[in-house]
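In numbering that gives the first Met the number 0, the protein residues as written are 0 to 165.
Virtual Cβ for every residue (Gly too), placed ideally from N, Cα, C.
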Amino acid sequence: MASICSSPPEIQLMILNYCDFFSLLQMRQVSKYCKLLADHSLLHQCHLHVVCDYLAKFLNYKHPSFALSDQRKDYDLVFNKIFEFINFYMPNLQDLSLRNCPVILTVAGLIQLASAAPNLYRLDLSQTCCNKPFFEADAILALRYFRQLKVLVMDGFVLQKASRKG
Numbered sequence: 000m001a002s003i004c005s006s007p008p009e010i011q012l013m014i015l016n017y018c019d020f021f022s023l024l025q026m027r028q029v030s031k032y033c034k035l036l037a038d039h040s041l042l043h044q045c046h047l048h049v050v051c052d053y054l055a056k057f058l059n060y061k062h063p064s065f066a067l068s069d070q071r072k073d074y075d076l077v078f079n080k081i082f083e084f085i086n087f088y089m090p091n092l093q094d095l096s097l098r099n100c101p102v103i104l105t106v107a108g109l110i111q112l113a114s115a116a117p118n119l120y121r122l123d124l125s126q127t128c129c130n131k132p133f134f135e136a137d138a139i140l141a142l143r144y145f146r147q148l149k150v151l152v153m154d155g156f157v158l159q160k161a162s163r164k165g
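Structure follows, in structure tokens:
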């Protein structure tokens, strides 16, 4: 079986286009060359759909030997790491989906997301079941910090901001 490093550059980029977020994170840990390839792919990635499976895989990967006592707190820590990662490696992110992620969205967290992804055009915060993600009472006030946000999806409703000329 041939590795991705021995493939031509065009094939490498095609393979990386089919990798999801968690696969790219794992690929970054293989070698320096794979890290450069994954970083290049993340730099140009415009869409990110974070689901609870990613958070669970990340928690199991980081803490496989013991049970987590406060799962909500641990998910918040992982979610903050995702914000930091978006800030450093995905500056061109335009579409972010947090549908059914078990996280708590706070004013500070959404402001941090707005500064990490300044070009965010579409944000999906739908809660189709189980009240995930959970919103604090004043979290909606942080939406004004998203300067480029045009489409907001919440509970199946799609809110679009109309831009007028003149």
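DSSP three-state assignment for residue i, whether helix, strand or coil
i: residue 13; result: helix
i: residue 96; result: strand
i: residue 19; result: coil
i: residue 8; result: helix
i: residue 30; result: coil
i: residue 25; result: helix
i: residue 111; result: helix
i: residue 146; result: coil
i: residue 118; result: coil
i: residue 66; result: Low confidence applies here, because residue 66 scores a pLDDT of 45, under 50, leaving its location unreliable; read the following figure in that light. If DSSP states are grouped into helix, strand and coil, residue 66 belongs with coil.
Cβ separation of residue i and residue j, assumed to be a contact under 8 Å, to the nearest whole Å
i: residue 134; j: residue 97; result: Contact doesn't hold; Cβ gap of about 11 Å is too wide.
i: residue 91; j: residue 43; result: 6 Å
i: residue 112; j: residue 151; result: In fact, because the Cβ distance is near 13 Å, the residues do not count as touching under 8 Å.
i: residue 78; j: residue 102; result: 5 Å
Residues bridged to residue i [DSSP beta-bridge criterion]
i: residue 123; result: 96, 152
i: residue 103; result: 133
i: residue 47; result: 95
Proximity winner among the options, relative to residue i (alpha-carbon distances)
i: residue 145; options: 126, 119, 153, 107; result: 119
i: residue 149; options: 112, 94, 111; result: 94
i: residue 45; options: 22, 25, 109, 85; result: 85
i: residue 33; options: 47, 6, 49, 89; result: 6
i: residue 37; options: 47, 18, 48, 10; result: 18
i: residue 10; options: 139, 125, 40; result: 40
i: residue 110; options: 89, 143, 81; result: 143
Closer than 8 Å to chain D by CB, residue i
i: residue 41; result: Protein chains in the displayed structure number just one, and chain D is not present.
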